[in-house]
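A short worksheet on the structure shown next.
Protein chains: 2
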Amino acid sequence: MPTDTAPADPPAQAPDLGIVDSLAQLSFLVQGALAKVAAELGLSVIQLRLLGVLRDREPGMQELARHLELDKSSVTGLVDRAERRGLVRRAPSPRDRRAVQVTLTDEGRAAARALEEDAGRRIRALAAHLGDEQRAALSRLASTLVAGATAV
Amino acid sequence: MPTDTAPADPPAQAPDLGIVDSLAQLSFLVQGALAKVAAELGLSVIQLRLLGVLRDREPGMQELARHLELDKSSVTGLVDRAERRGLVRRAPSPRDRRAVQVTLTDEGRAAARALEEDAGRRIRALAAHLGDEQRAALSRLASTLVAGATAV
DNA sequence: TTAATTTGGTTGGTGTCACGTACTAAGTCC
DNA sequence: GGACTTAGTACGTGACACCAACCAAATTAA
Chain G
1 MPTDTAPADP PAQAPDLGIV DSLAQLSFLV QGALAKVAAE LGLSVIQLRL LGVLRDREPG
61 MQELARHLEL DKSSVTGLVD RAERRGLVRR APSPRDRRAV QVTLTDEGRA AARALEEDAG
121 RRIRALAAHL GDEQRAALSR LASTLVAGAT AV
Chain H
1 MPTDTAPADP PAQAPDLGIV DSLAQLSFLV QGALAKVAAE LGLSVIQLRL LGVLRDREPG
61 MQELARHLEL DKSSVTGLVD RAERRGLVRR APSPRDRRAV QVTLTDEGRA AARALEEDAG
121 RRIRALAAHL GDEQRAALSR LASTLVAGAT AV
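Residue numbers (the UniProt record's numbering), protein chains in the order written: chain G, 1 to 152; chain H, 1 to 152.
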């Protein structure tokens, strides 16, 4: 159970932590980077994630809940707060009079773009110690894992 | 800004998401797995992390705050809740009468072991679609990245 | 075509978590 | 001795997540 993201001694040759610890530590590292990105705009990671999902979708609340793996009541609150900040809008669904379409506002879209850029910078910085080939290999492997693990 | 962990179509050949999106998505995947592991014992990810740090340390509150990158007042609350659950104990420091040593209780140690095992299972399951060689390569690359990025 | 059920969403209550500010007590430095 | 720093707590606030209960619209059954 690898839980430590605080600076450690730089090993001349990095010891292999094993698949479990290395992925867990990596995830804390990346999440920390994303948290800092979001914090620059006064947002949380979950708000960043919300904006990310809405970049190419106009889902209802239920669908949003599935994407974010949250309870629907949690999504109500999440969207409430994002709406209060002027980042998203609730529009009535044209198909279903009960339902709602959640949409990015212009401000929200601008924020999403800024976050995306900054996240790119920060994550690339994390991988700065890797060589080009290593980085490419890591990207491929991570992509493969993600594809395999999310394909139900 | 890759924010989606919900199931997607399984691509015959996984497209490379790029280093940024692949690492971000991977981090959400791993954090989700850790959240489920913790939830099985009625804990949160940060509590899991706390137990992980305490496996091989008996830090003071300040030191704990540094390890977890939290404000010291946040650590007070965190340890309060863990103590209330019987997982950790506050002992007076022998060196400094102001300070405290945070220690795992027997119950806490048992929980840490259980979490560790289960996290291993779940993370290995995530990587189940990778071949042995791929998994080993990913582990090495992730280890290298972590070592490089945490070495101040 | 009513009646029963499912679906989409909100409300209200509870607990966790993180922060900032303010505070006490103990250690350290002149 | 007094000034300053360090270790930790207390308190108030806000974000976040869940559950249970609820309403209204949509769908299915009778």
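In this text, a Cβ means the ideal position worked out from N, Cα and C, and glycines have one as well.
Name the DSSP beta bridge partners of residue i, please?
{"i": "A38 of chain G", "result": "Answer by DSSP bridge pairing: none, since A38 of chain G is not bridged."}
{"i": "V88 of chain H", "result": "H:L104"}
Exposed or buried, what is residue i when buried is set at 16 or more other beta-carbons lying within 10 Å of its beta-carbon?
{"i": "Q47 of chain G", "result": "buried"}
{"i": "Q25 of chain H", "result": "buried"}
{"i": "S139 of chain H", "result": "buried"}
{"i": "residue 160 of chain G", "result": "Residue 160 of chain G lies beyond the stretch modelled for chain G, which goes from 1 to 152, so this question has no answer here."}
{"i": "E133 of chain G", "result": "exposed"}
{"i": "A110 of chain H", "result": "exposed"}
{"i": "E116 of chain H", "result": "buried"}
{"i": "P94 of chain H", "result": "exposed"}
{"i": "G86 of chain G", "result": "exposed"}
{"i": "G18 of chain G", "result": "buried"}
{"i": "A6 of chain H", "result": "Since pLDDT at A6 of chain H reaches only 45, below the 50 mark, its modelled position is unreliable, and the value read off the structure follows with that caveat. It is exposed - the Cβ of A6 of chain H has fewer than 16 other Cβ atoms within 10 Å."}
Is residue i helix, strand or coil by DSSP?
{"i": "T103 of chain H", "result": "strand"}
{"i": "R95 of chain G", "result": "coil"}
{"i": "E58 of chain H", "result": "coil"}
{"i": "S44 of chain H", "result": "coil"}
{"i": "L50 of chain G", "result": "helix"}
{"i": "A110 of chain H", "result": "helix"}
{"i": "G131 of chain G", "result": "coil"}
{"i": "L70 of chain G", "result": "coil"}
{"i": "D118 of chain H", "result": "helix"}
{"i": "A151 of chain H", "result": "coil"}
{"i": "L17 of chain H", "result": "coil"}
{"i": "P7 of chain G", "result": "Unreliable placement is indicated for P7 of chain G, whose pLDDT of 44 sits below 50; the coordinate value is still reported in the next sentence. Note: P7 of chain G maps to coil in three-state DSSP."}
{"i": "M1 of chain H", "result": "Unreliable positioning characterises M1 of chain H in this predicted model, as indicated by a pLDDT of 49, which lies under 50. The coordinate reading is nonetheless provided below. If DSSP states are grouped into helix, strand and coil, M1 of chain H belongs with coil."}
Closest to residue i by CA distance: which of the options is it?
{"i": "L104 of chain G", "options": "G:R55, G:I123 and G:A137", "result": "G:R55"}
{"i": "K92 of chain H", "options": "H:Q101, H:G86 and H:V37", "result": "Lys is not the amino acid found at residue 92 of chain H; the sequence shown has Pro there. Closest option to P92 of chain H, Cα to Cα, is H:Q101."}
{"i": "G131 of chain G", "options": "H:T144, H:G131 and H:A128", "result": "H:T144"}
{"i": "V53 of chain G", "options": "G:A14, G:R121, G:G120 and G:V88", "result": "G:V88"}
{"i": "A14 of chain H", "options": "H:E116, H:H129 and H:G108", "result": "H:H129"}
{"i": "A35 of chain G", "options": "H:S27, H:K36, H:L41 and H:A33", "result": "H:S27"}
{"i": "A82 of chain G", "options": "G:A127, G:E107, G:E69 and G:R113", "result": "G:E107"}
{"i": "G32 of chain G", "options": "G:A65, G:R97, G:A119 and G:A147", "result": "G:A119"}
{"i": "M61 of chain H", "options": "H:D96, H:L17 and H:D16", "result": "H:D96"}
{"i": "E69 of chain H", "options": "H:E58, H:L43, H:G18 and H:L50", "result": "H:L50"}
{"i": "residue 239 of chain G", "options": "G:G77, G:R122 and G:D16", "result": "A question about residue 239 of chain G goes unanswered here, because the residues of chain G that appear run from 1 up to 152."}
{"i": "L64 of chain G", "options": "G:A99, G:L17 and G:G42", "result": "G:A99"}
Using 8 Å for Cβ pairs, my map puts residue i next to residue j. What's the rounded Cβ distance?
{"i": "V45 of chain G", "j": "A38 of chain G", "result": "5 Å"}
{"i": "V20 of chain H", "j": "R113 of chain G", "result": "That belief does not hold up - the Cβ atoms of V20 of chain H and R113 of chain G are roughly 14 Å apart, past 8 Å."}
{"i": "A149 of chain G", "j": "L126 of chain H", "result": "5 Å"}
{"i": "S22 of chain H", "j": "A137 of chain G", "result": "Not really, about 11 Å apart at Cβ, beyond 8 Å."}
{"i": "R66 of chain G", "j": "V79 of chain G", "result": "At roughly 14 Å, the Cβ-Cβ gap does not stay under 8 Å, so R66 of chain G and V79 of chain G are not in contact."}
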